[in-house]
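What follows is a set of notes on a single structure, which appears directly below.
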Amino acid sequence: MGIDVVLLGYGAIGQAVHRMLASHADDVRVAGVLDRAALEGAAGEARVAGPAGRQVPVVNLGTATELADVIVECASPAAVRTHGPGIIGAGTDMLVASLGALVDDRLRSTLLERGPGCCHLSTGAIGGLDLVRASAGTIEGIRLGTRKPPAALLHPGLTAALRAAISQTDATGRPRQVFGGSVADAVRLFPSNINVAAALGLAAGDMDLVHVEIIADPGATLTRHAIEVRGSGGNYGFSIENFPDPANPATSALTARSMVSGLLRLAGRGPHFI
Ligand SMILES: NC(=O)c1ccc[n+]([C@@H]2O[C@H](COP(=O)([O-])OP(=O)(O)OC[C@H]3O[C@@H](n4cnc5c(N)ncnc54)[C@H](O)[C@@H]3O)[C@@H](O)[C@H]2O)c1
Numbered sequence: 056m057g058i059d060v061v062l063l064g065y066g067a068i069g070q071a072v073h074r075m076l077a078s079h080a081d082d083v084r085v086a087g088v089l090d091r092a093a094l095e096g097a098a099g100e101a102r103v104a105g106p107a108g109r110q111v112p113v114v115n116l117g118t119a120t121e122l123a124d125v126i127v128e129c130a131s132p133a134a135v136r137t138h139g140p141g142i143i144g145a146g147t148d149m150l151v152a153s154l155g156a157l158v159d160d161r162l163r164s165t166l167l168e169r170g171p172g173c174c175h176l177s178t179g180a181i182g183g184l185d186l187v188r189a190s191a192g193t194i195e196g197i198r199l200g201t202r203k204p205p206a207a208l209l210h211p212g213l214t215a216a217l218r219a220a221i222s223q224t225d226a227t228g229r230p231r232q233v234f235g236g237s238v239a240d241a242v243r244l245f246p247s248n249i250n251v252a253a254a255l256g257l258a259a260g261d262m263d264l265v266h267v268e269i270i271a272d273p274g275a276t277l278t279r280h281a282i283e284v285r286g287s288g289g290n291y292g293f294s295i296e297n298f299p300d301p302a303n304p305a306t307s308a309l310t311a312r313s314m315v316s317g318l319l320r321l322a323g324r325g326p327h328f329i
């Protein structure tokens, strides 16, 4: 039995997931990789990806939906927008890491409600989403304070003002809040850096309940998420400190492990907490 997956995105997370799945081959098999960079210049589908001895074919979307029970998105919010509707529409399931894409109401409804494929959301770099989900309808507000080293916040699409503010923290050596506002604005300005904000909004059932603060801290070696949930059902706090993925300082190493844990759950491997 077990399930076959195709990795959509073969960067830091995709490669770590592939490595970790080697010890779960009876439950989850990697059947291919769909990656923009790997496909560039590829002649047909002759290209392969992965370490020697465990290489898998580089495939296009059509082949991916034929091969996979689940397509594992660990690429970018843009990849979710481009490929998500086609995957779900083809009746293939999808596990999504780039949750920021789901701030878009129309895309969210296409992926989560229309089917026939099923869209699963990865817990990614945080925990406690089961509790937030269980509290949906009773939550009055969520505050997310994310503290990262400046290098983990810099990306090519940043506005000049944000780039200057983040870079300045390296020069002064002092932490600085570089963003405060809604999930939608956080995701617009930091598309690949603040998926946890969208995760909290999705779990709470309302993105507008979440207030996001991002701090660039030149003294930080870990990424810290301080999460405070207030509501009529109770008040909850989580403090999560993640080591970065060695291949990408913007990504926490926990994210790949969360995806593997989710895939094992989909393959029927317990214990299941629901
Ligand atoms: N949910 C979470 O907590 C969480 C945490 C970290 C990262 N993420 C998401 O995971 C994504 C991947 O993280 P990473 O560290 O592996 O990034 P990475 O930059 O190391 O790798 C991304 C890979 O995806 C490929 N890619 C990007 N856009 C694509 C597209 N449209 N079609 C096909 N391939 C595409 C790139 O070629 C690259 O190989 C991030 O962009 C972020 O959105 C989510």
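Note that our numbering gives residue 257 to position 202 of the sequence shown, counting from 1, and the numbers run on in steps of one. Cβ coordinates follow ideal geometry from the N, Cα and C atoms, glycine included. Computed from a prediction, not measured in an experiment: that's the story for all the values here.
Within 9 Å, strictly: CB atoms of residue i and residue j
i, j, result
"valine 83", "isoleucine 58", "yes"
"threonine 193", "glycine 288", "yes"
"isoleucine 270", "valine 233", "yes"
"histidine 280", "glycine 228", "no"
"alanine 180", "threonine 306", "yes"
"proline 304", "glycine 155", "no"
"proline 140", "leucine 166", "yes"
"glycine 105", "aspartate 90", "no"
"aspartate 300", "alanine 71", "yes"
"valine 238", "alanine 253", "yes"
"valine 127", "valine 111", "no"
"leucine 94", "valine 135", "no"
"phenylalanine 328", "aspartate 240", "no"
"glutamate 195", "glycine 292", "no"
Distance between beta carbons of residue j and residue i, contact taken as under 8 Å
i, j, result
"leucine 255", "valine 242", "About 12 Å; that fails the 8 Å criterion."
"glycine 317", "serine 177", "6 Å"
"isoleucine 249", "valine 267", "7 Å"
"alanine 226", "threonine 278", "Not quite, the Cβ-Cβ distance comes to about 21 Å (not below 8 Å), so this is no contact."
"threonine 310", "isoleucine 68", "6 Å"
"valine 158", "methionine 75", "Actually they are not in contact, since the Cβ atoms of valine 158 and methionine 75 sit about 29 Å apart, beyond 8 Å."
"valine 151", "cysteine 174", "6 Å"
Per DSSP, cross-strand counterpart(s) of residue i
i, result
"leucine 318", "According to DSSP, which records beta bridges pairwise, leucine 318 is partnered with nothing at all."
"valine 187", "BP columns for valine 187 are empty, so no partner."
"serine 294", "Ala281"
"glycine 286", "Ile194"
"asparagine 303", "Asp300"
"arginine 74", "Note: arginine 74 sits in no beta bridge, so no partner."
"alanine 104", "Val111"
Check: residue i C-beta below 8 Å from any heavy atom of ligand 2
i, result
"arginine 74", "With respect to ligand 2, the structure shown offers nothing to examine, as its ligands consist of ligand 1."
| request: Output the residue ranges of the alpha helix (DSSP H) runs that lie fully inside the segment 228 to 258 and measure 4 residues or longer, sorted by chain position. | output: Qualifying alpha helix (DSSP H) stretches, in chain order: 238 to 244.
Tell me, please, whether the segment 214 to 225 touches the segment 111 to 123 by the rule of three or more beta-carbon pairs shorter than 8 Å. Proximity of the segment 214 to 225 to the segment 111 to 123 falls short of the contact definition, fewer than three beta-carbon pairs being nearer than 8 Å.
Going residue by residue through the segment 131 to 185, where are the continuous alpha helix (DSSP H) segments of at least 4 residues, counting only ones entirely within it?
Fully contained in the segment 131 to 185 are the following alpha helix (DSSP H) runs of length 4 or more, in chain order: 132 to 144 and 160 to 164.
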